[in-house]
Amino acid sequence: MDDLQPWSVRAINLPEHADNVVHTDAGAIAAGYPRALVAGTTVYAYLSHVPAAGWGAEWLGTGGAEVRFRAPVYDDDLVEVVPVTGEDGVVVEARVAGDTRATLAVWPKAPVSSEPSVDGGIGEELPDMVFTIGD
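Residue 18 is where the sequence shown starts when you use the numbering used here, and the numbers rise one by one after that.
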């Protein structure tokens, strides 16, 4: 795990997420939140920075991850992104003021027969896709 290093980022709300009103201050306040929520895809990007930086392109091609969102990350929060080793391997935590808001379980090589765990019902079936990472 020495190759996975913590980092921090000031959370920002991207303009393209404003189609969902909860990602605007007015919409978030109307829904009972103190200010705009940062999109889950953005929080995932913050979390995945740690294994991508530590394990590089190999992780992007053959590794795996599973994200869990526990509480909102708000626009302008200082997010501390910290890798933690536990019984089940490495988990990257997104913390705001010491409170864990999201976790990303990561592994450098995904098992060949791995199936993602899905809580709840079955979602839409997506087509297989191949991505090539290059210069």
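Glycine included, C-beta positions come from ideal geometry on N, C-alpha and C.
Small disclaimer: the values here were computed from a predicted structure and weren't measured.
Exposure label - residue 102; buried when at least 16 CB within 10 Å: exposed
query: Just reading off the beta strand (DSSP E) that residue 115 is part of, what are its end residues?
result: Counting along the chain, residue 115 falls outside any beta strand (DSSP E), and DSSP gives it neither H nor E.
message: Using C-beta distances below 6 Å, list every residue in its chain close to residue 68, excluding the 5 sequence neighbours before and after it, in chain order.
response: 76 and 123
- prompt: Since residue 96 and residue 109 are thought to touch, with beta carbons under 8 Å apart, how far apart are those beta carbons, to the nearest angstrom?
  reply: The pair is not a contact, with the Cβ atoms about 11 Å apart (cut-off 8 Å).
message: In chain order, what are the residue ranges of uninterrupted alpha helix (DSSP H) at least 4 long that sit wholly in the segment 23-83?
response: 42-47 and 57-79
Alpha-carbon spacing of residue 88 relative to residue 53, whole angstroms: 13 Å
- prompt: Any idea which residues DSSP pairs residue 97 with across the strands?
  reply: 25 and 112
- request: Say whether the segment 42-51 touches the segment 60-67, bearing in mind that this needs 3 or more beta-carbon pairs closer than 8 Å, one atom from each stretch.
  value: no
field: Close Cβ partners of residue 45 (< 7 Å) along its chain, the five nearest in sequence each way excluded
entry: 39, 52, 53 and 54
task: Thinking residue 81 and residue 127 are a contact (beta carbons under 8 Å), I'd like their distance in whole angstroms, please.
output: 3 Å
task: Please name the residue or residues paired with residue 122 in a DSSP beta bridge.
output: 83 and 108
message: Once the 5 residues before and after residue 85 are set aside, which same chain residues still bring their CB inside 6 Å of it?
response: 120
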